[in-house]
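Enquirer: Heads up: the protein sequence lines correspond to chains C and U, in order. Going by full-length UniProt numbering, the residue at position 109 of the first sequence is 109; the numbering climbs one at a time, nothing skipped. Going by full-length UniProt numbering, the residue at position 103 of the second sequence is 103; the numbering climbs one at a time, nothing skipped. Heads up, the beta-carbon is just placed ideally off N, CA and C, and yes, glycines get one too. The structure displayed is predicted, hence computed values, not measured ones.
Number of protein chains: 2
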Amino acid sequence: MSPTPEPAPARLRAIPSRLLSGAALVADRLVNERLAAEGAHKWHFAVLVTLAEAGAASQAELSRRTGIYRSDMVAVLNELADAACVRRDPDPADRRRNVITLTPAGRRRLDRLDALIDDAQRELLAPLTPGEGAELTRLLTALTEHHRPAHPRPDEQR
Amino acid sequence: MSPTPEPAPARLRAIPSRLLSGAALVADRLVNERLAAEGAHKWHFAVLVTLAEAGAASQAELSRRTGIYRSDMVAVLNELADAACVRRDPDPADRRRNVITLTPAGRRRLDRLDALIDDAQRELLAPLTPGEGAELTRLLTALTEHHRPAHPRPDEQR
DNA sequence: TACCTTCATTAGTGACACGAACGTTCGTCT
DNA sequence: AGACGAACGTTCGTGTCACTAATGAAGGTA
């Protein structure tokens, strides 16, 4: 016989914040495993998608759109630029800014990462029916939409 | 006029793993804010609940039930013992083990933390109807239940 | 001019999940 | 009996991640 699994008490298992943390952990693990095959990072994908969808942008704009902090964005863009997925040019209109542009190589990389991310999402939602997956997405969207500061203060990031 | 909020692109917003991470972040923040009022920690609550519901246990048992690593459990129990919420006695039946016992002071502390945790969960689920909150809990349970190693290997924790 | 803000960048912090290794004890098998 | 593997508590260390502080350069505006 297998040894007793010693399950968590019901009162712990029923706590939404704990469930969320656990689920987020599994989700991140799945995504990272997939992306590791391409030597890629969660953040790379977020930046590439944002550039593809909203066009070239400054680092601060990318930071706000992706939720990645300005400070961390630097390293992400360094790596993407080193891989020639992105060009970083000084903005002639505002010399504080860099204009980040998606390159053809970046677009190709995005396509590959997109497939990996999709795989991860499918595996993540595997135990749920498609309807349940959509419902979960809806509920999580409502939740995060509600809990977020309305008006960012001066120089505040994200 | 308020400056453009620069929203995340739709393709990013629709990704479940990203939603989960974001939601887990807010949830943890809410819980930690509440518990900070009592100078308490997330983990303290988990251990106290487990002791109250399943009775005295060894540190390894507590580790598996709460999901806290046995390395981290040491510090948690040190703090709980310093606050006299818990007694840590050598197990006469197995001299490798410590028997962790909930004290009356620990039970009182649990009651206070329980109220704080409940508050946090209510605030977390505020944007959802009670039915939606229950549904979210159900979906997250199914999700985490599915994604977890079936059979722990020798001396493996959690 | 002076002042405040924004930008990119560097460096650092704290929380957290996780792993390695050690000395000790238990159980089992020979 | 002795040998061996596994579990226990403990210490120390690692990698990731969200986040802050501070700085120099550049813009906006009174």
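Rounded to whole angstroms, what's the CA-CA distance from THR144 (chain U) to PRO92 (chain C)? Just pull it up for me.
Expert: The alpha-carbon atoms of THR144 (chain U) and PRO92 (chain C) are separated by roughly 50 Å.
Enquirer: Between the alpha carbons of VAL99 (chain U) and GLU53 (chain U), how many angstroms are there, rounded?
Expert: Whole-angstrom Cα-Cα distance: 15 Å.
Enquirer: Once DSSP output is grouped into helix, strand and coil, what is the label at MET1 (chain C)?
Expert: Residue placement at MET1 (chain C) is poorly supported in this model, since its pLDDT is 45, which falls under 50; the coordinates still yield a value, given next. Reduced to three states, the DSSP call for MET1 (chain C) is coil.
Enquirer: Below 8 Å between beta carbons is the criterion; list the residues of the segment 62-91 of chain C that meet it against any residue of chain U, in chain order.
Expert: Answer set for the segment 62-91 of chain C: ARG64, ARG65, THR66 and GLY67.
Enquirer: In whole angstroms, give me the CA-to-CA distance for ASP82 (chain C) and ARG13 (chain U).
Expert: Looking at the two C-alpha atoms, the distance is approximately 27 Å.
Enquirer: My output table needs one value for residue 159 (chain C): the three-state DSSP class, helix, strand or coil.
Expert: Outside the displayed range of chain C (1 to 158) lies residue 159 (chain C), so it cannot be described from this structure.
Enquirer: Any beta carbon from chain U within less than 8 Å of HIS146 (chain C)'s own beta carbon?
Expert: Yes, HIS146 (chain C) counts as interfacial toward chain U.
Enquirer: Give the C-beta separation of GLU123 (chain C) and LEU139 (chain U) to the nearest angstrom, bearing in mind that I take them to be a contact with Cβ-Cβ under 8 Å.
Expert: Actually they do not touch by this definition, with Cβ atoms about 16 Å apart.
Enquirer: For a cutoff of 8 Å on Cβ pairs, would you count GLN59 (chain U) as touching chain C?
Expert: Answer no: the Cβ-Cβ gap between GLN59 (chain U) and chain C never drops below 8 Å.
Enquirer: What does a CB cutoff of less than 7 Å around residue 161 (chain U) pick up in its chain, not counting 5 residues either side in sequence?
Expert: In the structure as shown, chain U begins at 1 and stops at 158. Residue 161 (chain U) is therefore absent and cannot be evaluated.
Enquirer: Using a C-beta to C-beta distance shorter than 8 Å, which residues of chain U count as neighbours of LEU139 (chain C)?
Expert: Chain U residues near LEU139 (chain C): LEU128, GLU132, GLU135, LEU136 and LEU139.
Enquirer: Just to confirm the assignment, what range does the beta strand (DSSP E) spanning THR101 (chain C) have?
Expert: Residues 98-102.
Enquirer: Drop a sphere of 10 angstroms on the beta-carbon of SER63 (chain C), count the other beta-carbons inside from all chains shown, and report buried for 16 or more, exposed for fewer.
Expert: With 16 or more Cβ atoms within 10 Å of its Cβ, SER63 (chain C) is classed as buried.
Enquirer: Note down, one range per segment and in chain order, each alpha helix (DSSP H) of at least 4 residues found wholly within the UniProt domain "HTH marR-type" (13-145) of chain C.
Expert: Taking only runs of at least 4 residues, the alpha helix (DSSP H) segments lying wholly in the UniProt domain "HTH marR-type" (13-145) of chain C are 16-36, 42-54, 59-66, 70-82 and 104-124.
Enquirer: Within its chain, find whatever has a CB closer than 8 Å to the CB of GLU33 (chain U); leave out the 5 residues flanking it on each side and keep chain order.
Expert: The answer, listed in chain order, is ALA120.
Enquirer: Rounded to whole angstroms, what is the Cα-Cα separation between VAL31 (chain U) and GLU38 (chain U)?
Expert: For VAL31 (chain U) and GLU38 (chain U), the distance between alpha carbons rounds to 12 Å.
Enquirer: For THR101 (chain U), decide whether its Cβ has a neighbour in chain C, counting only Cβ atoms nearer than 8 Å.
Expert: Not an interface residue.
Enquirer: Using a Cβ cut-off of 8 Å, pull out every chain U residue sitting near ALA14 (chain C), in sequence order please.
Expert: Those within 8 Å of ALA14 (chain C) in chain U are THR137.
Enquirer: Can you pull the chain U residues whose beta carbon is under 9 Å from the beta carbon of ARG11 (chain C), in chain order?
Expert: Near ARG11 (chain C) (Cβ distances below 9 Å), the residues of chain U are VAL49, THR50, ALA52, GLU53 and ASP114.
Enquirer: Cutting at 7 Å between CB atoms, please list the residues of its own chain near VAL49 (chain C), excluding the five before and the five after it.
Expert: Here the set comprises LEU110.
Enquirer: Please state if the CB of LEU20 (chain U) and the CB of VAL47 (chain U) are separated by a distance shorter than 8 Å.
Expert: No.
Enquirer: For PRO130 (chain U), which option in C:PRO16, C:PRO9 and C:ALA23 has the closest C-alpha, if you only look at C-alpha atoms?
Expert: Per the Cα distances, C:PRO16.
Enquirer: Does the beta carbon of LEU35 (chain U) sit closer than 8 Å to a beta carbon anywhere in chain C?
Expert: No - not a single Cβ of chain C is within 8 Å of the one on LEU35 (chain U).
Enquirer: Output, in chain order, the set of chain U residues within a Cβ distance shorter than 7 Å of ASP28 (chain C).
Expert: Neighbours of ASP28 (chain C) on chain U, chain order: SER17 and SER21.
Enquirer: Identify, in the order they occur along the chain, each residue of the same chain with its Cβ nearer than 6 Å to the Cβ of ARG65 (chain C), setting aside the five sequence neighbours on each side.
Expert: If we look at ARG65 (chain C) and ignore the five residues flanking it on each side, its Cβ neighbours are THR50.
Enquirer: LEU125 (chain C) touches chain U at which residues, Cβ-Cβ below 7 Å?
Expert: Residues of chain U passing the Cβ test: PRO16.
Enquirer: Consider the Cβ of ALA56 (chain U): report whether some Cβ of chain C lies at a distance smaller than 8 Å.
Expert: For ALA56 (chain U), the answer is no, since every Cβ of chain C falls outside 8 Å of its Cβ.
Enquirer: How should GLY55 (chain U) be labelled, buried or exposed, when 16 other C-beta atoms within 10 angstroms of its C-beta is the threshold for buried?
Expert: So GLY55 (chain U) counts as exposed.
Enquirer: Measuring alpha carbon to alpha carbon, tell me which residue in U:ARG112, U:ASP89, U:ALA142 and U:ASP94 is nearest THR101 (chain U).
Expert: Among U:ARG112, U:ASP89, U:ALA142 and U:ASP94, the Cα nearest to that of THR101 (chain U) belongs to U:ASP89.
Enquirer: Looking only at its chain, what residues have a beta carbon closer than 7 Å to the beta carbon of ILE68 (chain C), apart from the 5 residues adjacent to it on each side?
Expert: Result list for ILE68 (chain C): TRP43, ALA46 and VAL76, in chain order.
Enquirer: Helix, strand or coil for ARG148 (chain U), going by three-state DSSP, please let me know.
Expert: The answer is coil: DSSP assigns ARG148 (chain U) none of H, G, I, E or B.
Enquirer: Quick check on DSSP: helix, strand or coil for ALA8 (chain U)?
Expert: Correct three-state label for ALA8 (chain U): coil.
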